[in-house]
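A quick write-up on the structure given underneath.
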Amino acid sequence: MPFETLPLEPVELTAEQAEVMAQRQLKKHHVAIILLHWFNATVWLLELATGAGLIASSYFRFAPDWYLEILTSIFGSRANMLRFHISLGVTWIVVFAVYGIFGFRTYLEMEVLQREIALDRDDWRWLRIRLLRMLKRTAEALAPQGIYNAGQKLFAVMIYCMIPVIMATGVIMAFHLFGMAAVRWSIVVHFLAVGVVVSGLIVHVYMGAVFPEEKPAFFSMITGMVNELYAYRHHFKWWKEVKMQEREWERAFETGQPPAPAAPAAEPPLAVQPPARAASIFRSRDYWPPYVAGAGLGLTLLATFIVMGQGLGASGGFTRYLVAVIASFAPGYAAAHPYWSNYYQPGQSPLLDFLVFELIGAAIGGFVSGWLSGRLRVSVDKGPRISNRTRYALALGGGILTGIGARLARGCTSGLALSGGAVLSAGAFAFMMAVFAAGFAGAYLMRRYWL
Amino acid sequence: MARYAMVIDLHKCVGCQACTMACNSEWEVPAGYARTRVRFAGPEGAFPNLVASPYVAQCNHCDNPPCVKACPTGATYQTDEGIVVIDRALCIGCGFCVEACPYSARFLNPVINKVDKCDFCSARLEKDLQPACVATCTAHAKFFGDLEDSGSDVFRLVYEQGARRNESPAAHPGPNVYYSGKKANVDLALAAFPPRPPRLLTQGRFWKGFVKPLVLGMVGATFLGQAVAFFQQLKKGEGQFDD
Amino acid sequence: MTAPFAASFSIPAFIFASLVLGFFFGFFLERAGFSSALKLTNQFYFRDFAVLKVMFTAIVVAMVGIAYLAILGWLDMSQVFVPPAFLWPQIVGGLLLGAGFIVGGYCPGTSVVAASIGKLDALFFMAGIFIGIFLFGAGEPAFTRFNSSGSLGALTLPMWLDWNTGIVVLAVVLIALGAFWVAEKCEGPWKTFARTYGKSLEGGKN
Numbered sequence: 030m031p032f033e034t035l036p037l038e039p040v041e042l043t044a045e046q047a048e049v050m051a052q053r054q055l056k057k058h059h060v061a062i063i064l065l066h067w068f069n070a071t072v073w074l075l076e077l078a079t080g081a082g083l084i085a086s087s088y089f090r091f092a093p094d095w096y097l098e099i100l101t102s103i104f105g106s107r108a109n110m111l112r113f114h115i116s117l118g119v120t121w122i123v124v125f126a127v128y129g130i131f132g133f134r135t136y137l138e139m140e141v142l143q144r145e146i147a148l149d150r151d152d153w154r155w156l157r158i159r160l161l162r163m164l165k166r167t168a169e170a171l172a173p174q175g176i177y178n179a180g181q182k183l184f185a186v187m188i189y190c191m192i193p194v195i196m197a198t199g200v201i202m203a204f205h206l207f208g209m210a211a212v213r214w215s216i217v218v219h220f221l222a223v224g225v226v227v228s229g230l231i232v233h234v235y236m237g238a239v240f241p242e243e244k245p246a247f248f249s250m251i252t253g254m255v256n257e258l259y260a261y262r263h264h265f266k267w268w269k270e271v272k273m274q275e276r277e278w279e280r281a282f283e284t285g286q287p288p289a290p291a292a293p294a295a296e297p298p299l300a301v302q303p304p305a306r307a308a309s310i311f312r313s314r315d316y317w318p319p320y321v322a323g324a325g326l327g328l329t330l331l332a333t334f335i336v337m338g339q340g341l342g343a344s345g346g347f348t349r350y351l352v353a354v355i356a357s358f359a360p361g362y363a364a365a366h367p368y369w370s371n372y373y374q375p376g377q378s379p380l381l382d383f384l385v386f387e388l389i390g391a392a393i394g395g396f397v398s399g400w401l402s403g404r405l406r407v408s409v410d411k412g413p414r415i416s417n418r419t420r421y422a423l424a425l426g427g428g429i430l431t432g433i434g435a436r437l438a439r440g441c442t443s444g445l446a447l448s449g450g451a452v453l454s455a456g457a458f459a460f461m462m463a464v465f466a467a468g469f470a471g472a473y474l475m476r477r478y479w480l
Numbered sequence: 175m176a177r178y179a180m181v182i183d184l185h186k187c188v189g190c191q192a193c194t195m196a197c198n199s200e201w202e203v204p205a206g207y208a209r210t211r212v213r214f215a216g217p218e219g220a221f222p223n224l225v226a227s228p229y230v231a232q233c234n235h236c237d238n239p240p241c242v243k244a245c246p247t248g249a250t251y252q253t254d255e256g257i258v259v260i261d262r263a264l265c266i267g268c269g270f271c272v273e274a275c276p277y278s279a280r281f282l283n284p285v286i287n288k289v290d291k292c293d294f295c296s297a298r299l300e301k302d303l304q305p306a307c308v309a310t311c312t313a314h315a316k317f318f319g320d321l322e323d324s325g326s327d328v329f330r331l332v333y334e335q336g337a338r339r340n341e342s343p344a345a346h347p348g349p350n351v352y353y354s355g356k357k358a359n360v361d362l363a364l365a366a367f368p369p370r371p372p373r374l375l376t377q378g379r380f381w382k383g384f385v386k387p388l389v390l391g392m393v394g395a396t397f398l399g400q401a402v403a404f405f406q407q408l409k410k411g412e413g414q415f416d417d
Numbered sequence: 050m051t052a053p054f055a056a057s058f059s060i061p062a063f064i065f066a067s068l069v070l071g072f073f074f075g076f077f078l079e080r081a082g083f084s085s086a087l088k089l090t091n092q093f094y095f096r097d098f099a100v101l102k103v104m105f106t107a108i109v110v111a112m113v114g115i116a117y118l119a120i121l122g123w124l125d126m127s128q129v130f131v132p133p134a135f136l137w138p139q140i141v142g143g144l145l146l147g148a149g150f151i152v153g154g155y156c157p158g159t160s161v162v163a164a165s166i167g168k169l170d171a172l173f174f175m176a177g178i179f180i181g182i183f184l185f186g187a188g189e190p191a192f193t194r195f196n197s198s199g200s201l202g203a204l205t206l207p208m209w210l211d212w213n214t215g216i217v218v219l220a221v222v223l224i225a226l227g228a229f230w231v232a233e234k235c236e237g238p239w240k241t242f243a244r245t246y247g248k249s250l251e252g253g254k255n
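Chains as they are written, first to last, in my numbering: chain A, 30 to 480; chain B, 175 to 417; chain C, 50 to 255.
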């Protein structure tokens, strides 16, 4: 045993310790990962080779003539090359889908991704030092790393972003989905996404196969094992985790008590901090800064205008649900009524409207957001001085006022103020001012209910 | 080596669209689309000097075809005989060529989702048959042949009787479909259906102006960076790094 | 092809697009904290300016984006719905909605996301909205005249001011930045107070 107690930070090893550690092997990769890696590598190699050869016209291409000629002679014809490219691509998608759905799902799980791929503070520090060291500006030691180092993580993040894009655009082109314009954009985006991955891939291949320091990493992708010395030097945090787990099992062996299966770091056997989990903005329990959430909302609103030609809204959707209910009980009344007939004509569903489905989407979106941030809970929002029942009555009354106000104004805070504001509607700004004026004035009267 | 061309006598053509029907049934072109069709110009002028003319719109099998340059996959290409053909197995139906064609001769065949157009009935030529439209033309107004064969009808019509083609001043594609007949007819028909400048779509400009340089630059830069690192590694010797 | 695209959608594609856009709408509303009536109403007690900040940020982002796309010719503004201005009903409606907001604690959109994460009061608020709309719609024939008074058509600020759209966009951006500055100034004292006396700034947070 090279260490009596586990070090908190990487320390200089004695020659003897290093000797022992160099002999011991730790398991790094599951055999399924290794197989998938090499399958993926083969697919990439072949797809890149054929893909570069498929772009042939003088306007688009970048590969030289001789390259196209060699490829054409290998495949017999360019059409065969395209068939090969498409069938291999589809195989690739199917293998990944099977892997994701039935097999080793862990790499699609948020938890695992956050632990293994999300970059934490040490990772950013590592990247900075790595860069400075390459430029010979510093001799500082690299920050300790988890099972994957920051460079590998960055590459993984990029891969996770780009692969769905490559798959989707590939499928669009292969099966001519969504029309000619979509196919044209797919050509461009497919090429761009592949270009991004390839520039990362060059670094990845160099680091994995050529760079001497990382040779054990290369062999671990064949054997699945790395020696402990390499793990200690290059992936200290992971090494520490493995060691902690080992010790817990050893202790369990001595005491006859199995270790708690969950969270080996929950009760660290030594004075070691649990491995820092990267904070994720999506899992954060805090609300987002208003400017960030506002920008997100603004982009959604922009997308809505681009796609739908109208803005977001809420009260219009409520109205349509209500009219649908009225029309199902009394279609004659609804069709003849001067107001309801704006929304209902016999033989035409009042529910076939953007806002109707958008509200369902909004409920799902709210739910998912609340779920990710642990805010799902049956509760009542009220001031400290009032009972639940008072709050319900106020909510109902406020709702009635809001319903009337929204219909009178032909929109609510989302439908008129937000969407109208974005297209500079004069009415929207007048409405907005009225809302804030009434809100601030009413706040004084309502203070004992809220504060 | 042949150089195929087609000549249409606008004075003889009666505009019956038999060529369209023959072509559509020969090549299973879906209803509502056509590889060749007769269009009409005029009448113009005042009685008794009225002029009206048919015009046969189809692929012109240009010498220097803009569509071939625009096709990303190389599915559209020119054969040695100067015929512009589409390899359906390579076509992905992106439509760059549709926009590039100055004669609007191309369209997306919605049944097979590939681009479709006249190919001078290449498959019939191999069997020593005339193109379907020529064979079927009720007025014998369509002629097809080899411009390098001085005994052919097209040679006579083009080089001896001055048949004219619908050249695009913007792109100079060099069309190989010629129009003959009364001068007034040809003048009117060519003026009524001028070729449009070849269009390159946003996506194409985006590709050439932004995406291609970006990707090549990115890949080149990382490659260069790694090459430099590799040479440094060689210079230092591997022993330096060994654990 | 210029935006908007919805007219060329099939019904399933239309529904799918609506759901996806709605998803992000709800997601960002919830992320902003608008699923909490306490957080929302704190705006009116000058304690938390999130409502103002989020709304104006969203308006500015969307407005700049729309103006940009329209100038480049990618968005066909004649196909974009601009809410018609009915001056008097919109002012009165705004006052009613503002009153409903401070009494009930939500507005229609936020009540949906609040209900989706389990706020019972939001369910009552939603029920109230339905009742309110029903009362309004059923009674609308009695006050049609008022409801359509002050009609100015699809009037926009650039039309009303007779300014160039770009200048109005710039002006709105500047006004929004000014509003943010004021908001940060006003929030500061309350935050100090809350820190000192340990009061929760963000009501309703678990």
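By construction, the Cβ of each residue, glycine as well, lies at the ideal position given by its N, Cα and C atoms. Owing to the predicted nature of the structure, the values given are computational and were not obtained by experimental measurement.
Return the residue from the list the options that minimises the CA-CA distance to residue i.
i, options, result
"L328 (chain A)", "C:F74, C:F63, C:F179", "C:F74"
"A228 (chain C)", "C:V100, C:A56, C:A187", "C:V100"
"F220 (chain A)", "A:T419, A:F91, A:H366, A:A210", "A:F91"
"C241 (chain B)", "B:Q191, B:P347, B:A365", "B:P347"
"F93 (chain C)", "C:P61, C:L204, C:G154, C:S57", "C:G154"
"E167 (chain A)", "A:R157, A:G175, A:P173", "This sequence places Thr at residue 167 (chain A); Glu is not what is there. For T167 (chain A), the nearest C-alpha among the options comes from A:R157."
"K411 (chain A)", "C:T51, C:K168, C:V129", "C:K168"
"I99 (chain A)", "A:F113, A:A78, A:L480, A:L171", "A:A78"
Measure the alpha-carbon distance for residue i versus residue j and round it to whole angstroms.
i, j, result
"K102 (chain C)", "L330 (chain A)", "16 Å"
"A81 (chain A)", "A274 (chain B)", "23 Å"
"V223 (chain A)", "M191 (chain A)", "8 Å"
"V119 (chain A)", "Q407 (chain B)", "39 Å"
"G346 (chain A)", "P132 (chain C)", "15 Å"
"I257 (chain B)", "I63 (chain A)", "51 Å"
"S86 (chain A)", "I260 (chain B)", "13 Å"
"A279 (chain B)", "T210 (chain B)", "8 Å"
"G403 (chain A)", "G395 (chain A)", "12 Å"
"V239 (chain A)", "M392 (chain B)", "20 Å"
"A463 (chain A)", "G143 (chain C)", "5 Å"
Under 8 Å, Cβ to Cβ, is there at least one residue of chain A near residue i?
i, result
"G336 (chain B)", "no"
"D170 (chain C)", "yes"
"V152 (chain C)", "yes"
"K234 (chain C)", "no"
"K186 (chain B)", "no"
"W230 (chain C)", "no"
"F405 (chain B)", "no"
"R194 (chain C)", "no"
Residue i touches chain A at which residues, Cβ-Cβ below 8 Å?
i, result
"I180 (chain C)", "L425, G428, I429, G432"
Against residue i, what residues of chain E qualify as contacts under a CB-to-CB distance less than 7 Å, listed in chain order?
i, result
"F397 (chain B)", "Structure shown: chain E not included; protein chains present are A, B and C."
Could you check whether the Cβ of residue i sits closer than 8 Å to any Cβ belonging to chain B?
i, result
"F248 (chain A)", "no"
"S228 (chain A)", "yes"
Counting only Cβ pairs nearer than 7 Å, list the residues of chain A close to residue i.
i, result
"L375 (chain B)", "R213"
"G248 (chain B)", "A85, S86, R107"
"S67 (chain C)", "F383, F386, E387, G390"
Can residue i and residue j be called in contact, C-beta distance under 8 Å?
i, j, result
"A364 (chain A)", "Q374 (chain A)", "yes"
"V162 (chain C)", "L430 (chain A)", "no"
"L326 (chain A)", "R349 (chain A)", "no"
"S59 (chain C)", "G390 (chain A)", "no"
"L351 (chain A)", "F65 (chain C)", "no"
Please tell me whether residue i has its Cβ less than 8 Å away from any Cβ of chain C.
i, result
"Q143 (chain A)", "no"
In chain B, which residues lie less than 8 Å from residue i when you measure between Cβ atoms?
i, result
"Y235 (chain A)", "Q400, A403, F404"
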